[in-house]
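> Below: one structure in structure tokens.
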Amino acid sequence: MANLADLSLDAQEIINFLRQNFRLPEIHQAIVEQRIIHQVALEQGITVTLQEIDVAVETIRYEKTFDHPAGFTDWLTDRGATLNDLKQMLRANLLTEKVMNSLFVDQVDAVFSQHQHSFDRLVLYKIVVPYEHLAQEIFYQIEEEEISFFEAAHVYDIDENRRLHCGYEGTILRRDLSPDLAEILSTARVGELVGPIKAANQFYELFWIDDLVYPDLTPALQSTILHQLYGTWMEGKINDYLASFTPPSDPSE
1 MANLADLSLD
11 AQEIINFLRQ
21 NFRLPEIHQA
31 IVEQRIIHQV
41 ALEQGITVTL
51 QEIDVAVETI
61 RYEKTFDHPA
71 GFTDWLTDRG
81 ATLNDLKQML
91 RANLLTEKVM
101 NSLFVDQVDA
111 VFSQHQHSFD
121 RLVLYKIVVP
131 YEHLAQEIFY
141 QIEEEEISFF
151 EAAHVYDIDE
161 NRRLHCGYEG
171 TILRRDLSPD
181 LAEILSTARV
191 GELVGPIKAA
201 NQFYELFWID
211 DLVYPDLTPA
221 LQSTILHQLY
231 GTWMEGKIND
241 YLASFTPPSD
251 PSE
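Note that my numbering has the sequence shown beginning at 1, numbered continuously upward.
Now the structure itself:
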């Protein structure tokens, strides 16, 4: 691939491209988020050291396993960046991580305790069919043990991938279910047939919980909760920031 790093681009041309491809709002949001992080870090005295940045650079060198010493430079050049650009990006990432931990790491245990049920993981199987009478017939066949749920999914489900996997939908966090479905499945037991339920797309669904995994507060789950707390907080901060630049409405209008 040709190296485009040295291609001269006009700033307005870049802005026009981002606007025409509906990507300008996400760039605006990322810049505003960075401003907020810098402000909070300044207020709380949070900093990133040169040593921490150098360690992050070396981690990237190690993970990329370049074939020759110049490979790292070539990798940066291909991306139109310099080593200093990379260090600035890493500094921003490290600062965000530090601010996030400073604000929310002490809240993770409490959030987990209060909402532990929502972090249950359901090994969920599903059958989707287009007609209510067919869904009812499948329900009765399964209840009467004329056919297993998995056999029925393999025969009747409208989705080819689920048919091939005998209805397997995945291992899903309870909190990631739609509110209506979460309520319906809230008291369902492992091995219990649930449905038929009329879905928003007018199809009919039957569900089977094959297993229910109760959560431990693992490092991965800690990270998930931490990022959710940060995301909610940052969304509010961005809205407040943007509102401060909204011109007042004209009372004559």
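C-beta: ideal position from N, C-alpha, C; glycine also.
Bear in mind that the values here come from a model prediction, so they are computed numbers and not experimental data.
Run the CB neighbour count on residue 169, radius 10 Å, all protein chains shown included, and call it buried at 16 or more, exposed below.
Residue 169 is buried by the Cβ-count criterion.
> Looking at the structure shown, is residue 207 part of a helix, part of a strand, or coil, going by DSSP?
Strand.
> Between residue 46 and residue 98, which are expected to be in contact by the criterion C-beta below 8 angstroms, what is the C-beta distance as a whole number of angstroms?
Between residue 98 and residue 46 the Cβ distance is about 5 angstroms, and since that is below 8 angstroms, they are a contact.
> At the level of alpha carbons, what is the spacing between residue 36 and residue 226?
Cα-Cα distance, rounded: 18 angstroms.
> On a Cα-Cα basis, can you pick out the residue from 224, 236, 157 and 72 that is closest to residue 203?
Ranking 224, 236, 157 and 72 by Cα distance to residue 203 puts 157 first.
> Check whether the Cβ of residue 190 lies closer than 6 angstroms to any heavy atom of the ligand COA, and answer yes or no.
Among the components modelled here there is no ligand, and therefore nothing to report on the ligand COA.
> Mark residue 64 as exposed unless 16 or more other C-beta atoms lie within 10 angstroms of its C-beta, in which case mark it buried.
Answer is exposed; the Cβ neighbour count stays below 16.
> Among 72, 43, 108 and 163, which one has its Cα closest to the Cα of residue 230?
The shortest Cα separation from residue 230 among 72, 43, 108 and 163 belongs to 108.
> Tell me whether residue 125 sits in a helix, a strand or coil according to DSSP, three-state version.
Strand at residue 125.
> Inspect the beta-carbon positions of residue 153 and residue 138 and report whether they are closer than 7 angstroms.
Cβ distance not < 7 angstroms, so residue 153 and residue 138 don't count as in contact.
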